[in-house]
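Each remark here refers to the structure printed beneath this line.
Protein chains: 2
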Amino acid sequence: MERADYVLEDQVGFLLRVASQRHAAIFQAMAPLGLTPTQFATLVRLAEMGECSQNELGRRTAMDVATIKGVVDRLRKKGFVQIKTDPKDKRRAMLSIADAHKHIVPDLHEAGHRISEETLKPLSQAERRDFLSLLRKISDS
Amino acid sequence: MERADYVLEDQVGFLLRVASQRHAAIFQAMAPLGLTPTQFATLVRLAEMGECSQNELGRRTAMDVATIKGVVDRLRKKGFVQIKTDPKDKRRAMLSIADAHKHIVPDLHEAGHRISEETLKPLSQAERRDFLSLLRKISDS
DNA sequence: ATCGTTTCATTCGCATGCTAATGACAAGTC
DNA sequence: GACTTGTCATTAGCATGCGAATGAAACGAT
């Protein structure tokens with residue numbers, strides 16, 4: 003009894019990787035200020051939250067503590083994010099978008115919409131709805 | 003005129019990243035021999051092709067030359083992949099699965115099926131078909 | 001045959017992304 | 001107040017993933 007062949011390009015994992023690659027390429031070509039997808043997500047989230055500790059920011063952007071640390075470090079080095087210690091909790095470092103860059107947030111939103119649009123371009127409107135809905139289902143652990 | 007809000011968790015890029023994370027976690031828990039997703043894909047592809055140069059193997063697994071090099075290096079270090087120089091083309095290094103490990107390929111296929119099944123578990127059969135089909139559409143550059 | 005173009009493999013630098021371990025601090029229990 | 005537990009941030013180590021540059025070798029056209 004032979005089991006059906008294992009076809010690599012029919013597997014979710016493989017397809018997810020290739021789809022992510024295409025999106026990453028689109029992102030790199032269209033994102034403002036040379037931001038990477040994770041840096042972009044971090045800034046957008048931080049703009050929403052106003053002020054936030056590093057670990058919480060990681061949780062809200064689906065990055066573990068080690069990953070968010072690197073992302074925030076690089077954003078701080080570029081001057082997008084400022085840090086100040088929480089007087090109530092000496093462990094915490096409160097993060098926020100640097101005042102000089104607060105005005106870029108609308109540009110980020112605008113670029114984000116265009117990037118998503120370009121990524122979803124191969125799909126019809128109905129397919130886009132379905133695809134996002136299925137992606138959400140598959141993401142819920 | 004306010005544009006519709008930019009909701010991070012509704013964007014394809016964000017959802018693709020989170021879905022990939024869930025799949026990676028499943029993969030790590032279920033994959034044999036401590037193989038990573040890319041190492042796994044590389045071995046499966048190499049098994050199909052029998053013998054293959056490194057760059058071509060990369061193309062057939064959707065990895066650029068720099069990435070496939072690292073993957074192959076680590077597979078060689080673990081003894082899964084053997085190398086021999088092409089007498090007809092002194093630039094090329096012909097790769098193949100080490101004889102001692104050729105027998106694991108059916109196990110890889112079996113594990114691959116179980117990993118895909120687990121990843122797709124939140125979806126019905128019809129949804130799985132749709133999802134894979136949409137993923138394919140979004141991947142075609 | 002030589003020359004321009006490709007291809008092969010390697011390397012550097014940067015950015016994710018994860019696990020695991022660590023030290024500092026906070027908060028609750030007794 | 002001492003203890004336990006949990007949280008915050010950092011660090012080390014490993015594995016992708018990409019762009020760009022390099023040197024060696026093959027190949028095509030003239």
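Chains as they are written, first to last, in this note's numbering: chain A, 3 to 143; chain B, 3 to 143.
We treat Cβ as the ideally placed atom computed from N, Cα and C, and that holds for glycine.
This one's a predicted model, so the numbers in the text were calculated from it and none came from an experiment.
Here DSSP, grouped into helix, strand and coil, assigns B/Leu-17 to helix. Taking CB atoms only, A/Lys-139 has a neighbour in chain B less than 8 Å away.
Straight-line measurement puts the Cα of B/Lys-79 at about 23 Å from the Cα of B/Pro-89. Within 8 Å of the CB of B/Asp-12, the CB atoms of chain A belong to Leu-134, in sequence order along the chain. Here A/Leu-125 has Phe-133 as same chain residues with Cβ atoms under 8 Å from its own Cβ, once five neighbours each way along the sequence are excluded. Rounded to the nearest angstrom, the gap between the Cα atoms of A/Asp-101 and A/His-111 is 18 Å. What B/Val-20 touches in chain A, judged by beta-carbon distance under 7 Å, is Ala-64, Ser-141, going in chain order. Between the region 32-43 of chain B and the region 64-79 of chain B, the count of Cβ pairs shorter than 8 Å is three or higher; the stretches touch.
Under the criterion of beta carbons closer than 8 Å, B/Val-9 and A/His-25 do not qualify as touching, at roughly 17 Å.
Residue contact check for B/Ile-117 against chain A: a CB pair falls below 8 Å. A/Gln-23 belongs to the set of residues whose beta carbon lies under 8 Å from a beta carbon in chain B. Judged by their CB atoms, B/Ser-143 and A/Leu-17 are not nearer to each other than the 8 Å cut-off. Contact between B/Phe-82 and B/His-103 holds: CB atoms are separated by about 5 Å, below the 8 Å threshold. Taking the C-beta atoms as reference points, A/Met-96 is found nearer than 8 Å to A/Ser-55. Excluding five sequence positions before and after A/Leu-48, the CB atoms of its chain that fall closer than 8 Å to its own CB belong to Cys-54, Leu-59, Val-83, Leu-97, Ser-98, Ile-99, given in chain order. DSSP places B/Leu-137 in the uninterrupted alpha helix (DSSP H) bounded by 127-141.
Looking at A/Asp-12, A/Arg-19, A/Ala-33, A/Asp-7, the one whose alpha-carbon comes closest to that of A/Ser-118 is A/Ala-33. With a contact defined as Cβ atoms closer than 8 Å, A/Glu-120 and A/Ile-28 qualify at about 5 Å. Here the alpha carbons of B/Arg-76 and B/Thr-63 stand approximately 16 Å from one another. Contact annotation: A/Ala-113 and B/Leu-137 have beta-carbon atoms that are not nearer than 8 Å. Residue pairing by DSSP places A/Leu-97 opposite A/Cys-54, A/Ile-85 in a beta bridge. B/Lys-123 and A/Lys-139 have their alpha carbons spaced roughly 10 Å apart.
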